[in-house]
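**Q** Here's a structure for you.
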Amino acid sequence: MINIKFNLQKTAVGGLLFLFSHQAFCSVADLRVKSIEVPAYNLISDTLVGMSTPGSGKRNDFVLQLICDLARGDKNQQQANEVLQNNHIDVQSIPAKGSMSSLLINGDKADQASTCAAYVATSLFRENDNSALFDKSKAESGKIELTLNQQRFAKEMKVRMALAQATANLYAVVAANLPNNSELSFSDYQQSVASSVYNYAPEYLKLIQKLYSNDKAIYTPVAVTASSTSISDNESRELEITPQSIKFKSKGVVWLGEGKILGKEYFIPVKIIDSPVANKPKASRKANK
1 MINIKFNLQK TAVGGLLFLF SHQAFCSVAD LRVKSIEVPA YNLISDTLVG
51 MSTPGSGKRN DFVLQLICDL ARGDKNQQQA NEVLQNNHID VQSIPAKGSM
101 SSLLINGDKA DQASTCAAYV ATSLFRENDN SALFDKSKAE SGKIELTLNQ
151 QRFAKEMKVR MALAQATANL YAVVAANLPN NSELSFSDYQ QSVASSVYNY
201 APEYLKLIQK LYSNDKAIYT PVAVTASSTS ISDNESRELE ITPQSIKFKS
251 KGVVWLGEGK ILGKEYFIPV KIIDSPVANK PKASRKANK
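Numbering (full-length UniProt numbering), first residue to last: 1 to 289.
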């Protein structure tokens, strides 16, 4: 398994912890509590983003989609090599290890699956592009009008609902397996998340396919725009995706979103002060007189 390194200053929570720890340094001996409670939801989300965008902080959709093809068995190594060659990428130039691109050639199924799982899960949080769901037509006035294509809409929502439901399960598995240790740092917890994703990734990818294949729901658009989606179905499920957030509800209970995982909020104690508590200064003889 790849030991993923995270730069905490690049994440909102990480930057907050960095700031707190430095502010507290000068008076650490006076503080009884050396940890703070952090939402597991944010920890998991930040870690998944880091797993799919290591180093550069940018997602390479071409590489990640091809990694997913290999992880799911949709393409074998020869077919992947042909895709690379057709895109003018020299297979021999890709390092066997040390790079995300290495997963395109090294045959490491476990790392391919965990990287794909992180990529697929975080796709829920990326800005929607719903342009393909609409048909364009020109009105008599000459103005371009958009009409939701019901067939493409139903197919795409089936994908997103399966993804949302499976990702809620992924978050629940990861959250339930987090240690509860106030001596652990944020990066320690991130390694725990990465380890759980590594172990659960094959089941997660299978679950997405299973949920998609078994889904017979009828989807109703509540509000669908170029960049946001709000839908419901006849099985009492609701899904709302905006450029800022996602919320998936089942029978009125939030399964994913608003900091909740299957209707529950998880918090973990994160150590923010490493310095030991100093002994209190002894009272002076003058004060004891």
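Backbone N, C-alpha and C define an ideal beta-carbon position, used for all residues, glycine too.
DSSP three-state call for L262: helix, strand or coil?
**A** The residue labelled residue 262 in the question sits at position 262 within the sequence shown. Coil, per DSSP.
**Q** In three-state terms, what does DSSP make of I67?
**A** Along the sequence shown, one-based indexing puts residue 67 at 67. I67 falls in the helix class under three-state DSSP.
**Q** Taking the beta strand (DSSP E) that I231 falls in, what are its first and last residues?
**A** The sequence position of residue 231 within the sequence shown is 231, counting from 1. Taken as a continuous stretch (DSSP letters only), the beta strand (DSSP E) holding I231 covers T229 to D233.
**Q** Among the residues of its own chain, which have a CB less than 6 Å from the CB of D69, if the five just before and after it don't count?
**A** Along the sequence shown, read from residue 1 onward, the residue named residue 69 stands at position 69. Same-chain partners within the cutoff: K75.
**Q** Counting C-beta neighbours from all protein chains within 10 Å, is the total for R126 16 or more, i.e. buried, or is it exposed?
**A** Counting from 1 along the sequence shown, the entry for residue 126 is found at position 126. R126 comes out exposed.
**Q** To the nearest angstrom, report how far apart C116 and I105 are at their CA atoms.
**A** To locate residue 116, count along the sequence shown from 1; it is residue 116. To locate residue 105, count along the sequence shown from 1; it is residue 105. The alpha-carbon atoms of C116 and I105 are separated by roughly 15 Å.
**Q** What residue does the alpha helix (DSSP H) around K158 start on, and which one ends it?
**A** Taking the first residue of the sequence shown as position 1, residue 158 is located at position 158. Segment Q150 to A176, the alpha helix (DSSP H) holding K158.
**Q** In terms of DSSP beta bridges, what is F267 paired with?
**A** Walking along the sequence shown from the start, residue 267 turns up at place 267. Answer is P39.
**Q** When the Cα atoms are used, what is the spatial distance from K271 to K264?
**A** Taking the first residue of the sequence shown as position 1, residue 271 is located at position 271. Taking the first residue of the sequence shown as position 1, residue 264 is located at position 264. Taking the straight line from one Cα to the other gives about 23 Å.
**Q** Which full runs of the beta strand (DSSP E) of 3+ residues lie inside the region 69–108, going along the chain?
**A** With a minimum length of 3 residues, no continuous beta strand (DSSP E) run stays inside the region 69–108.
**Q** Assuming S230 and E240 make a contact with CB atoms under 8 Å, what is their CB distance in whole Å?
**A** To locate residue 230, count along the sequence shown from 1; it is residue 230. To locate residue 240, count along the sequence shown from 1; it is residue 240. 5 Å between Cβ atoms; contact.
**Q** Alpha carbon to alpha carbon, what distance is there between L84 and Q244?
**A** The sequence position of residue 244 within the sequence shown is 244, counting from 1. The sequence position of residue 84 within the sequence shown is 84, counting from 1. The straight-line gap from Cα to Cα measures roughly 34 Å.
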